[in-house]
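For the sequence shown, the positions run -20 to -1, 1 to 116 when mature numbering (1 follows the signal peptide of the UniProt record, and there is no 0) is used.
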Amino acid sequence: MLLAIALTMVSLLLAYPAAAGFVRTNVVLRAGPSVQVPAVGMVMAGSRVHLYGCESGYKWCDVRVAGRRGWMSSHYVTIAYRNSMVLLPTYVQMTQKPDIAVVPFNIDSYWSRNYSGFYFYDEIGTWRNVDWVRDE
């Protein structure tokens, strides 16, 4: 069973290689896909981001920037498309099949991998039970 899960994850990574993008304005990096979850850093305009994927609908994306993993609204990310830089939502609209993986958010596994040493990690039970909106 674990082997099947691992092979599925590897095939997803190969099917959707991580894309690179740039942040168009200063933006807060979040611990999940909402402005209601804790901030984990500030990303400056022009910073390069490594896109792991976006949630279904491409409103929030899982990124790494300057060694830190987190989520940001896709409205702040530009990517190269046809020799120009376009906002990620525009790219999604212009293409039939965006080559950016759709990734789910699971607070337990994501926070365990990325935030176990952060001040808010001990409150994961509280955050797990919040019915937060995946806003932009």
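Glycine included, every Cβ here is placed at the ideal spot set by N, Cα and C.
Distance check for G37 and N109, CA to CA, integer angstroms please. Start at 1 with the first residue of the sequence shown, and residue 109 comes out as number 129. Start at 1 with the first residue of the sequence shown, and residue 37 comes out as number 57. Whole-angstrom Cα-Cα distance: 23 Å.
Outcome for T106 when other beta-carbon atoms lying within 10 angstroms are tallied against a minimum of 16: In the sequence shown, residue 106 corresponds to position 126, counting from 1. The residue in question, T106, is exposed, as its Cβ has fewer than 16 Cβ neighbours within 10 Å.
Runs of alpha helix (DSSP H) lying entirely within the segment 39 to 104, each at least 4 residues, in chain order: Every alpha helix (DSSP H) stretch that sits fully inside the segment 39 to 104 and reaches 4 residues is listed by chain position as 68 to 74 and 87 to 94.
Below 7 Å CB to CB, which residues in the same chain sit around Y56 once its five sequence neighbours on both sides are set aside? Position 76 of the sequence shown, counted from the start, is the residue given in the question as residue 56. These residues qualify, in order along the chain: V3, R4, T5 and V7.
Going by beta-carbon coordinates alone, are A(-1) and G33 separated by less than 7 Å? As a working note, residue -1 is residue 20 in the sequence shown. As a working note, residue 33 is residue 53 in the sequence shown. No; because the gap between Cβ atoms is not below 7 Å, this pair is not in contact.
Look up R28 in the DSSP assignment and say whether it is helix, strand or coil. As a first step, residue 28 is located in the sequence shown; it is residue number 48 there, counting from the start. The answer is strand: DSSP assigns R28 an E or B state.
From V43 to A19, what does the alpha carbon distance come to, in whole angstroms? For this step, residue 43 is matched to residue 63 along the sequence shown. For this step, residue 19 is matched to residue 39 along the sequence shown. Those two C-alpha atoms are separated by around 14 Å.
How big is the Cα-Cα spacing for G50 and M74? One-based indexing of the sequence shown puts residue 50 at position 70. One-based indexing of the sequence shown puts residue 74 at position 94. Near 26 Å, if we compare the C-alpha coordinates of M74 and G50.
Among the residues of its own chain, which have a CB less than 6 Å from the CB of residue 120, if the five just before and after it don't count? The requested residue 120 is not part of the displayed model; the chain covers only -20 to 116.
Is R10 helix, strand or coil by DSSP? Counting from 1 along the sequence shown, the entry for residue 10 is found at position 30. Residue state, collapsed to three classes: strand.
With burial defined as no fewer than 16 other Cβ atoms inside 10 Å of the residue's Cβ, what is the status of A11: buried or exposed? Counted from its first residue, the sequence shown places residue 11 at position 31. Result: buried.
Ignore the nearest five residues each way along the sequence and tell me which others in P69's own chain have a CB closer than 7 Å to its CB. Numbered from 1 along the sequence shown, position 89 holds the residue referred to as residue 69. If we look at P69 and ignore the five residues flanking it on each side, its Cβ neighbours are Y38, S54 and H55.
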